[in-house]
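Engineer: For the sequence shown, my numbering gives the first residue as 98, with consecutive numbering after it.
In this text, a Cβ means the ideal position worked out from N, Cα and C, and glycines have one as well.
Predicted model only: the values in this text are computed from it and were never measured.
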Amino acid sequence: MTDAAGPIEPLGRPGQPVLDRLAFERLTVAHRRALKLHCYRMMGSLNEADDLVQETFLKAWRARSQFDGRGSARGWLYAIATKSCLNAIKARSSAGRILEQPGRSPSEGGANGGPTAELAWLDPYPDVELPDIADDRPGPEARYEAREAVRLAFVAAIQLLPPRQRAALLLCDVLGWSAIETAQLLGGSTASINSALQRARATLGNRQVRTTQRSRPSADEGVLLERYMQAWQADNLDRLVDLLREDAVYHMPPWREWYHGRPAVGAFLRTVWGNFAAYRAVAIGANAQPAVGVYALGRQDSAWRPHSLHVIEPAEDRIAALTIYVPPLGPALFAAFGLPPEPVAS
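#1: On the three-state DSSP scale, how would you describe P107?
#2: Below 8 Å on the Cβ atoms is my contact criterion, and I expect I421 with Q386 to pass it. Report the Cβ-Cβ distance as a whole number of Å.
#3: Where in the region 111–150 do unbroken runs of the alpha helix (DSSP H), each at least 4 residues long, occur, reported from the N-terminal end onward?
#4: Report the residue from S162, A288, G141 and A328 whose alpha carbon sits nearest the alpha carbon of I255.
#5: Taking the CB atoms as reference points, tell me whether A383 and Y137 lie closer together than 8 Å.
#6: At which residues does the beta strand (DSSP E) containing D339 begin and terminate?
#7: Which two residues bound the contiguous alpha helix (DSSP H) that contains V320?
#8: Whole-angstrom Cβ separation of A375 and V389, contact assumed at under 8 Å?
#9: Among S162, R296, L132 and W401, which has the Cα closest to the Cα of D148?
#10: Helix, strand or coil: which one does DSSP assign to R402?
#11: Given a threshold of 16 other Cβ atoms within 10 Å of its Cβ, counted over all protein chains shown, does V247 qualify as buried or as exposed?
#12: Could you tell me the boundaries of the beta strand (DSSP E) in which G390 lies?
#13: Per DSSP, E410 forms a beta bridge with which residues?
#14: What separation, rounded to the nearest whole angstrom, lies between the Cα atoms of A288 and A276?
#15: Please name the residue or residues paired with I381 in a DSSP beta bridge.
#16: At what residue ranges does the region 262–290 contain a whole run of the alpha helix (DSSP H), taking only runs of 4 or more?
#17: Taking the C-alpha atoms as reference points, what is the distance between T309 and R240?
#18: Does the distance from the C-beta atom of L419 to that of A345 stay below 8 Å?
#19: Could you check if P411 is buried or exposed, using at least 16 other CB atoms within 10 Å of its CB as the buried criterion?
#20: Whole angstroms is fine: what's the gap from L282's alpha carbon to N184's?
#21: Taking 7 Å as the limit between beta carbons, can you name the residues of its chain near T279, skipping five residues before and five after?
#22: Looking at R123 and the ligand FMN, is the gap between the Cβ and the nearest heavy atom below 7 Å?
#23: I need the DSSP call for A217, collapsed to helix, strand or coil.
#24: For A231, which three-state DSSP category applies?
#25: Are the region 339–355 and the region 206–213 touching, with three or more C-beta to C-beta distances below 8 Å?
#26: Sort F373, W274 and R194 by Cα distance to G395 and report the nearest one.
#27: Rounded to a whole number of angstroms, what is the C-alpha to C-alpha distance between A400 and Q295?
#28: Rank V225, L426 and R367 by C-alpha distance to the C-alpha of R130 and give the top, closest one.
#29: Report the option in W370, L258 and C182 whose CA atom is closest to the CA atom of P199.
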């Protein structure tokens with residue numbers, strides 16, 4: 098028995114139910130990370146993804162008698178997780194989380210709106226959750242390579258899709274399910290799934306979300322990350338701005354303001370650059386992209402504290418997009434990325 102991720106081992110033991118407790122525990126270990134990533138793509142939230150994976154396993158355990166072992170255990174779990182996500186989206190106030198407030202034009206100059214708690218902001222995803230995930234080898238129908246489909250820009254774009262379109266695109270174009278299989282899960286006809294896919298792909302195409310085969314980070318990305326960290330730690334704004342492409346985009350959740358173009362980004366950063374005495378940067382990974390956790394040294398109390406979490410979208414040797422999660426959202430994300438409350442002495 099196989100599925101898109103490879104062979105499925107027999108579950109249970111001779112003379113026992115297909116899913117006894119030991120077999121079920123093996124199943125949860127094997128698929129937890131893949132299901133969490135799927136729920137994150139659906140929801141755009143780390144906490145919601147964790148909760149929905151737990152809900153998925155609870156529902157699966159209660160319904161284990163319905164699984165006869167002849168189908169894919171992985172597909173069975175994805176079906177439960179997807180339905181749980183769709184129900185959770187229906188129950189909340191907004192269908193998707195954002196990096197950029199819809200309809201808001203790029204800003205110029207300083208930011209004066211303050212953090213915006215009433216908007217649902219897209220979380221970044223820790224790379225430590227990505228290695229060896231079960232859906233790293235999607236099915237033959239997939240249009241997106243697995244790591245490409247976790248990029249921050251991709252997840253932000255699919256949050257704009259209606260929930261059914263989002264689910265159809267993830268199941269078909271990311272996981273490689275057929276339209277027939279997806280229709281069986283979501284309900285409706287195969288033609289309706291193909292129609293939903295067509296609309297979803299058009300939306301992503303309009304936002305210039307690519308279907309590339311960027312499978313692993315390049316050496317250039319490592320050099321770019323090092324130069325970026327050095328600019329922060331040297332307190333050299335000019336060097337940092339020089340790393341941006343001329344058409345770079347900058348977001349800073351949970352602030353509404355966003356900036357387009359190197360001059361606009363540089364002008365904004367100059368309005369806030371002197372707020373702290375010094376910075377320390379720690380390399381991490383987020384959404385299969387270079388990322389950094391930055392600590393800031395206060396001018397008044399001279400204490401190092403978590404300040405911001407930076408996710409970089411590289412383009413050759415420059416930064417095409419930069420998302421900096423600033424206070425209070427940035428420091429709240431440090432624990433999820435394994436960052437301590439203060440920098441480790443070097």
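Structural biologist: In short, the structure shows the following:
#1: In this predicted model, P107 has a pLDDT of only 42, less than 50, meaning its place in the structure is not dependable; the value taken from the coordinates is given anyway. P107: coil per DSSP, three-state reduction.
#2: By a beta-carbon distance limit of 8 Å, I421 does not contact Q386. Their separation comes to about 13 Å.
#3: Listed in chain order, they are 118–140.
#4: In terms of CA proximity to I255, G141 leads the group S162, A288, G141 and A328.
#5: Their beta carbons are not under 8 Å apart, which means A383 does not touch Y137 by this criterion.
#6: From DSSP, D339 is part of no beta strand (DSSP E) but of the alpha helix (DSSP H) over L334 to D339.
#7: Run containing V320: A316 to Q330, per the alpha helix (DSSP H) assignment.
#8: The Cβ separation is near 15 Å, so there is no contact.
#9: Comparing alpha carbon positions, the residue from S162, R296, L132 and W401 closest to D148 is L132.
#10: In the three-state scheme derived from DSSP, where H, G and I count as helix and E and B as strand, R402 is classed as strand.
#11: So V247 counts as buried.
#12: Per DSSP, G390 is one residue of the beta strand (DSSP E) stretching across Q386 to L394.
#13: DSSP output for E410 lists A418 as bridge partner(s).
#14: Spanning the alpha carbons of A288 and A276 requires a straight line of approximately 8 Å.
#15: Beta-bridge pairing by DSSP links I381 to A388.
#16: Runs of alpha helix (DSSP H) with 4 or more residues, each lying fully within the region 262–290, are found at 276–283, listed in chain order.
#17: Low local confidence applies: a pLDDT of 47 at T309 is under 50, so the model's placement there is unreliable, with the coordinate-based value given in what follows. Straight-line Cα distance between these residues: approximately 9 Å.
#18: Contact: yes.
#19: Counting Cβ neighbours within 10 Å, P411 comes out buried, since at least 16 surround it.
#20: Approximately 14 Å, taken between the alpha carbons.
#21: Apart from the 5 residues on each side of it in sequence, T279 sits with its Cβ closer than 7 Å to the Cβ of A265, L268, C269 and I290 in its chain, given in chain order.
#22: Here there are no bound small molecules, and the ligand FMN is not part of this structure.
#23: Correct three-state label for A217: coil.
#24: Confidence at A231 is low in this model, with a pLDDT of 45, below 50, so its placement is unreliable and no value can be given for it.
#25: Contact between the region 339–355 and the region 206–213 is present, because at least three Cβ pairs lie under 8 Å.
#26: If we check each option's Cα against that of G395, F373 comes out closest.
#27: Taking C-alpha positions only, A400 is separated from Q295 by approximately 53 Å.
#28: Nearest in C-alpha terms to R130, of all of V225, L426 and R367, is V225.
#29: When W370, L258 and C182 are compared, the shortest CA-CA separation from P199 is found for L258.
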